[in-house]
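Undergrad: First the structure, then my questions, so here it is.
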Amino acid sequence: MNETKDTTSTDGVGIIQMRHVSKWYGDFQVLANCTTSVDKGEVVVICGPSGSGKSTLIKVINGLEPFQEGTITFNGISVGDRTTNLPKLRSQIGMVFQNFELFPHISIMQNIKLAQMKVLGREDNQARNRSMELLERVGLTDQRDKFPAQLSGGQQQRVAIARGLAMDPMAMLFDEPTSALDPEMINEVLDVMTELAKEGMTMMVVSHEMGFAKRVADRVIFMDQGRIVEDATKDDFFGTPRGDRAQLFLSKILHH
Amino acid sequence: MMRGALRVGLSVVVLLGLTGCAGDFRYNWQWSILTCTSENIDAGCIGPYFYWILQGLWWTIAVASAAWVIAFSLGSVIGILRTLDKPILVVVPFVKSPIYFRTRWIGTSKGIITVDVGWFLHGFANIYVTVFRNVPLLVQLFLWYFVFPELVPHDAGMWLKRDLPFPEVSTAIFCLGLYTASRVAEQVRAGINSISRGQQYAAMAIGLTPVQVYRYVLLPVSFRIIIPPLTSDFLGVFKNSSLALTIGVLELTAMTRQIEEYSYAGFEAFTAATVLYIGVTAIVMGAMRIVEARVRIPGMISLQAK
Ligand SMILES: Nc1ncnc2c1ncn2[C@@H]1O[C@H](COP(=O)(O)OP(=O)(O)OP(=O)(O)O)[C@@H](O)[C@H]1O
Ligand SMILES: [Mg+2]
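Listed in order, the protein sequences are those of chains A and B. 864 is the number of the first residue of the first sequence in the working numbering; add one for each residue after it. 645 is the number of the first residue of the second sequence in the working numbering; add one for each residue after it.
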């Protein structure tokens, strides 16, 4: 069961592989023996009650949070290895947060350009062109010289997605990208994400938008108390009877 | 700016009123003594004393500015070090470990030994702030000036006592700088910590290195937040510089006392000094308000973290 020392194996095709991962905050166990893998081009939606460890599961994948047991590899590189170049690894994984987290002191354009120039070493022109492409794609070219605080929540979140895509990542992680948004703005963000999924982006999405899950997910993971309780294909998850907790949870979020 | 000037003017009037007219207080104000020249020997004038005051003001400004340069740069570094909560791993070159071990500050991974430098830096910064903030400034001044040269190796002590240029001024600058650095460090730390954790995650997630996270995200935002407390620390260094008179720096307050001793025109001299202190303070506050306005972020009501 305990594979703490095994950091080299890359068998399987999963671009993200997680094996027997456990994490504690002091005595409190946030993740308990989580095992899953995400293939290239797959879209996985993660749901579960508040405090079940969804955000933490996302954050250990790109090493934003350390974990104590198990192994995680991204594209064959071990995330938990002390000698792994984490900034480089993270630059290949886009991430979108519940509260957008745009950098408030620089313009929209600079937000998208920053890492392209400082991490990828792109020239100013190159970075600007790529940023314009992405702004066009999320429909915000006319907002490029504004500052984050001057945009609506939905607009900010679309910029945040563009900022992640600007690094040409191999996968995108989303942590409740729509739950801080007013209802009328949710769809403008989900539309961008749906399009992204259709283009074959590998995505892990923490979300309670079950409509989105039904439309674009390949698999759905249900978490409870730090455990992965269900890990099923979309059809299985929404079709066949499941464990009591998942059913109860689903009935709560689907009927309101 | 207009309002600021008005307020300064009012303060001065109130001050003069208090010193001049309170109760039975009678004083024969002789402002001319400040501008007297050495021809008026009979009036006991070896002035012009106004030059003494300006000289004192110059030294006050020089000591405070130089001390602030030290305080700001050193304080920023120490404040940043105090916010380090992630290990900074440095690989020990050439040495490999055949056994697996891991402690808070040293560990192995596949035989490669890594040392957590951040742990040492963080500890150093904590000790620095504790020591320099909790020893009274006057005591620190005496320690640096009288005790420190005796504690260091003999040759270094001799150099400090004999060859250090402007020994009193240098010691005062150094001491004030190190003390104020501990205060700046606390402001910088508080500023960085007030930024939501999500900002740091976002900066790390796009691939910035820890240094870049500070350089491009945390510091630009937190320094904007802490302009007001930093201003008051700068004013603090300016006012605290008057303590330097205890080791013989002829700054504004020292000069004022000297005028009193020579001419007995103590009230005039102290009033002039007070006006100058308030004037410089007002200028600094006005300047900082302009700086604050210039770096204000469009659309932001408050920079404080959500
Ligand atoms: N830094 C921390 N220190 C201690 N406990 C933490 C920390 N961060 C999270 N936790 C705890 O870990 C558990 C899982 O947190 P996590 O944020 O992953 O949950 P979640 O499933 O994303 O919940 P939500 O739906 O509310 O976002 C929670 O009980 C939380 O209180
Ligand atoms: Mg969460």
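Just so you know, even glycine gets a beta-carbon here, dropped at the ideal spot from N, CA and C. If you're wondering where the values come from, they're calculated on a predicted model, not measured in any experiment.
#1: In angstroms with no decimal places, state the Cα-to-Cα distance between residue 863 of chain B and residue 836 of chain B.
#2: Any heavy atom of ligand 1 inside 7 Å of the beta-carbon of residue 918 of chain A?
#3: Leaving out five residues before and five after residue 708 of chain B in sequence, what residues of the same chain have Cβ atoms less than 6 Å from its Cβ?
#4: Around the C-beta of residue 886 of chain A, are 16 or more other C-beta atoms found within 10 angstroms, so that it is buried, or is it exposed?
#5: On the three-pair Cβ rule with 8 Å, is the region 985–1004 of chain A touching the region 913–929 of chain A?
#6: If we count Cβ pairs, one from each stretch, closer than 8 Å, do we get three or more for the region 893–912 of chain A versus the region 1056–1068 of chain A?
#7: Give a yes or no on contact between the region 755–773 of chain B and the region 818–834 of chain B, applying the rule of three or more CB pairs nearer than 8 Å.
#8: Tell me whether residue 876 of chain B is buried or exposed, calling it buried when 16 or more other Cβ atoms sit within 10 Å of its Cβ.
#9: Would you mind telling me which residues of chain B sit closer than 7 Å to residue 925 of chain A, beta carbon to beta carbon, in chain order?
#10: So what's residue 968 of chain A in DSSP terms, helix, strand or just coil?
#11: Under the DSSP definition of a beta bridge, which residues are partnered with residue 957 of chain A?
#12: With a floor of 4 residues, list each alpha helix (DSSP H) that falls wholly inside the region 888–958 of chain A, ordered by position along the chain.
#13: Could you pull out every unbroken beta strand (DSSP E) segment of at least 3 residues lying fully inside the region 731–810 of chain B, listed in chain order?
#14: Do residue 899 of chain A and residue 1094 of chain A have their C-beta atoms within less than 8 Å of each other?
#15: Indicate the three-state DSSP secondary structure (helix, strand or coil) for residue 1015 of chain A in the structure shown.
#16: Quick one: list the residues of chain B neighbouring residue 982 of chain A, beta-carbon separation under 9 Å, in chain order.
#17: Given a threshold of 16 other Cβ atoms within 10 Å of its Cβ, counted over all protein chains shown, does residue 714 of chain B qualify as buried or as exposed?
#18: Please classify residue 877 of chain B: does DSSP put it in a helix, a strand, or coil?
#19: So is the beta-carbon of residue 907 of chain A under 7 Å away from any non-hydrogen atom of ligand 1?
#20: Please report how far the alpha carbon of residue 721 of chain B lies from the alpha carbon of residue 671 of chain B, in whole angstroms.
#21: Taking the beta strand (DSSP E) that residue 1125 of chain A falls in, what are its first and last residues?
#22: Count Cβ pairs between the region 730–743 of chain B and the region 780–799 of chain B that sit closer than 8 Å; are there 3 or more?
#23: Given the structure, does residue 1087 of chain A come close to ligand 2, in the sense that its CB is under 7 Å from one of the ligand's heavy atoms?
#24: Quick one: what's got a C-beta closer than 8 Å to residue 1021 of chain A's C-beta in the same chain, skipping five residues either side?
#25: Closest to residue 943 of chain A by CA distance: which of A/971, A/987 and A/884 is it?
#26: Among A/921, A/903, A/901 and A/893, whose alpha-carbon lies nearest the alpha-carbon of residue 915 of chain A?
TA: Let's see:
#1: On the second sequence, residue 863 of chain B is found 219 positions in, with the first residue counted as 1. On the second sequence, residue 836 of chain B is found 192 positions in, with the first residue counted as 1. Using only the alpha carbons, I get a separation of about 7 Å.
#2: Working through the first sequence from its first residue, we reach residue 918 of chain A at position 55. Yes, Cβ of residue 918 of chain A sits closer than 7 Å to a heavy atom of ligand 1.
#3: Here residue 708 of chain B refers to the residue found at position 64 of the second sequence. Hits under 6 Å: 881, 882 and 885.
#4: Residue mapping note: residue 886 of chain A aligns to position 23 of the first sequence, counting from 1. By the neighbour-count rule (16 or more Cβ atoms within 10 Å), residue 886 of chain A is buried.
#5: no
#6: yes
#7: yes
#8: Numbered from 1 along the second sequence, position 232 holds the residue referred to as residue 876 of chain B. With fewer than 16 Cβ atoms within 10 Å of its Cβ, residue 876 of chain B is classed as exposed.
#9: Here residue 925 of chain A refers to the residue found at position 62 of the first sequence. Per Cβ cutoff of 7 Å: 849.
#10: Reading the first sequence from its first residue, position 105 is the one you call residue 968 of chain A. Coil at residue 968 of chain A, not helix or strand.
#11: The count along the first sequence starts at 1 and reaches residue 957 of chain A at position 94. DSSP output for residue 957 of chain A lists A/1035 as bridge partner(s).
#12: 917–924 and 949–953
#13: 733–740, 750–753 and 756–760
#14: Mapped onto the first sequence, residue 899 of chain A falls at position 36. Mapped onto the first sequence, residue 1094 of chain A falls at position 231. Closer than 8 Å, so yes.
#15: Working through the first sequence from its first residue, we reach residue 1015 of chain A at position 152. In the structure shown, residue 1015 of chain A sits in coil (DSSP, three-state: anything other than H, G, I, E or B).
#16: Within the first sequence, residue 982 of chain A is the residue found at index 119, counting from 1. The answer, in chain order, is 850, 851, 852, 853 and 856.
#17: Numbered from 1 along the second sequence, position 70 holds the residue referred to as residue 714 of chain B. The residue is buried, with at least 16 neighbouring Cβ atoms inside 10 Å.
#18: Sequence index remark: in the second sequence, residue 877 of chain B carries index 233 (1-based). DSSP places residue 877 of chain B in helix when its eight states are reduced to three.
#19: Walking along the first sequence from the start, residue 907 of chain A turns up at place 44. Flag unset: Cβ of residue 907 of chain A not near ligand 1.
#20: Counted from its first residue, the second sequence places residue 721 of chain B at position 77. Counted from its first residue, the second sequence places residue 671 of chain B at position 27. Roughly 51 Å separates the two Cα atoms.
#21: Absent from the model: residue 1125 of chain A. The displayed extent of chain A is 864 to 1119, so no value can be given.
#22: no
#23: Translated into positions along the first sequence, residue 1087 of chain A becomes position 224. Not so, every heavy atom of ligand 2 lies at least 7 Å from the Cβ.
#24: Counting from one through the first sequence, the residue named residue 1021 of chain A turns up at place 158. Closer than 8 Å at Cβ, skipping near neighbours: 1001, 1002, 1003, 1051, 1052 and 1055.
#25: Taking the first sequence and counting its residues from 1, the one referred to as residue 943 of chain A is at position 80. Closest by alpha carbon: A/884.
#26: One-based indexing of the first sequence puts residue 915 of chain A at position 52. Closest option to residue 915 of chain A, Cα to Cα, is A/893.
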